[in-house]
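Structure, as structure tokens:
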Amino acid sequence: TDIKPKKKTTATAATTTTTTADPQEGSVLIDTQHEDLVHDVQCDWYGQKMATCSSDRTIKICSLNGGSYEVSATLQGHSGPVWQVSWAHPQFGVVLASCGFDGSVLIHGEVRPREWTILHAAHQLHSSSVNGVCFAPPEFGLQCAAASSDGRVSVLRHEPETQVWSVEYLEDCPMGVNAVSWAPAGAYYDASSSANQETPRLVTAGCDNGLRFWQCNTSTGEWTQQNVPQCDTATTSAIQHHHHKDWVRDVAWAPSLVPNHNRIASCSEDGQVLIWTQAKDDPTSSSSSSSAWTATLVHQFDEPVWRVSWSATGHVLAVSSGDATVTLWKEGLVDGTWIRMDEDQAAAAAAVDATSSGETKEDGTTMLPLSPPGPPPTAAVSEPMPTTTTATTVTGDVSSTAPAPPPPKLAAPPPPPVM
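Written out as structure tokens, the structure is:
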């Protein structure tokens, strides 16, 4: 899909600082050159580029080449702290979305090596802070969803025929929305339909301690909220033993390996990490979208939990918590209990199940795959390329070792304060 840039490049000249991994240590400390707290870090599809965002209002692009790392570009455009970034599928080019305190969502694109431009600037898309942004699976086209403290979720969609971006708003949680995640393609398979056309779906995490589900009508393009009482804070306690008792900070829909068997991970300031599972109860039913979601407690942390992220196959869950640690969890084979993986188990799992997503620690450090898998193919691919198991630790020049504070708990929660 060709996307016409709307502005000149916003990237500064690349720096030549390069850090090489220590083979014996198996990890490397990378200076992202941020001047304030680092809030998010994400690797692209091939593990060749790493994007970090910070309270210094910038996004750093780091080029990864074997054991060497170079900060190749600095993206600007936000007028406040940048909370999260998200890479689009490479079939759309090198495209990155960012969101921040200024209520804006920016779509960046690399037009030439080391030269970036703003493809679309949705300034003041929301009336309050945009806390999360996420690109849709490529099967649904080039579109991304953004969650805001103003209680709404916006869906930005690129129209290839007109080369414009359309936007639709979903009235979600009045208290504020902290995160959003897309259902993977293949999550719901209709055996009775010859076309088997799936509809885009979203799950959101709100300040009312609950999750909400949305479905798009492919014919009209209209989004409607699904009635899923099992994830509603008003009724969950009466149905399940586990439910969140504080703001849900992040939500992640797991990759779909088995049709009509879905998993969602959520984390909260109450210290709980929950796995919500939905399976088709009636074998004769054509869909499982109306089946019940059941919650399983992964672990009760002593501190708030900020981020959760699935591995590429959905077998391993990474959790970033307020005790300045990132832990990996895997479901047991016997009773389905989730167990924490030690370092040796994590390394073995990474050998066959590496993920390109980073997990930010409370002190600004992040665990990432180290070595990229090699150059991307010239044609678009439908499956991610494998990555190696070496891990790296990334830091920015931060003014404090404390994490970015969450929005204060008020009747109408404002966005996170500027550090």
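All letters in the sequence shown, in the order written, are residues 14 to 432 by our numbering. Ideal Cβ placement from N, Cα and C applies to all residues, glycine included.
{"query": "Nonlocal neighbours in the same chain, by C-beta distance under 6 Å from P151, ignoring five residues either side", "result": "H102, Q104"}
{"query": "Test item: CB-CB of V166 and L138 under 7 Å", "result": "no"}
{"query": "DSSP beta-bridge partners of F148", "result": "C157"}
{"query": "Under 7 Å between C-beta atoms of V264 and A218", "result": "yes"}
{"query": "Runs of alpha helix (DSSP H) wholly within the region 210 to 294 (minimum 4 residues, chain order)", "result": "249 to 252"}
{"query": "Buried versus exposed call for G164 [16 or more other C-beta atoms within 10 Å across all chains shown]", "result": "buried"}
{"query": "Three or more C-beta pairs below 8 Å linking the region 196 to 205 and the region 168 to 181", "result": "no"}
{"query": "Which of helix, strand or coil DSSP assigns to Q104", "result": "helix"}
{"query": "Distance CB(S67)-CB(H47) smaller than 7 Å", "result": "yes"}
{"query": "Proximity winner among N275, S111, H255, relative to S482 (alpha-carbon distances)", "result": "It is not possible to answer for residue 482, since the shown part of the chain is limited to 14 through 432."}
{"query": "Nearest candidate by alpha-carbon position, reference N144, set F114, L155, V124, T307", "result": "F114"}
{"query": "Candidates G189, A86, Y59, A134, of which the one nearest W178 by Cα", "result": "A134"}
{"query": "Residue of V124, Q89, V118, L119 minimising C-alpha distance to G106", "result": "V124"}
{"query": "CA nearest to the CA of D355, picked from D348, A331, L346", "result": "A331"}
{"query": "Counted within 10 angstroms of its Cβ, other Cβ atoms place V54 as buried (16 or more) or exposed", "result": "buried"}
{"query": "Where S67 falls: helix, strand or coil (DSSP)", "result": "strand"}
{"query": "Where the beta strand (DSSP E) containing L119 begins and where it ends", "result": "118 to 125"}
{"query": "Integer Cβ distance of S281 from W266, believed to fall under 8 Å", "result": "No, S281 and W266 are not in contact; Cβ-Cβ is about 17 Å, not under 8 Å."}
{"query": "Euclidean distance between Cα positions of L287 and S322", "result": "12 Å"}
{"query": "Backbone secondary structure at V95 - three-state DSSP", "result": "strand"}
{"query": "Top-ranked residue by Cα proximity to W319, from L310, V329, T350, Q285", "result": "Q285"}
{"query": "Cβ-Cβ distance between T45 and T65 below 7 Å", "result": "yes"}
{"query": "Whole-angstrom C-beta distance between V193 and L215, which should lie under 8 Å", "result": "6 Å"}
{"query": "Residue range of the beta strand (DSSP E) that includes V84", "result": "81 to 88"}
{"query": "Beta-carbon proximity check, G189 vs C157, cutoff 7 Å", "result": "no"}
{"query": "S162, DSSP secondary structure in three states", "result": "coil"}
{"query": "Distance cut-off 6 Å: A308 Cβ against heavy atoms of the ligand GDP", "result": "Questions concerning the ligand GDP fall outside what the structure shown contains, since it holds no ligand whatsoever."}
{"query": "Enclosing beta strand (DSSP E) for A134 [first to last residue]", "result": "128 to 135"}
{"query": "Contacts around D57, its chain only, beta-carbon distance under 6 Å, and the 5 residues preceding and following it disregarded", "result": "W100"}
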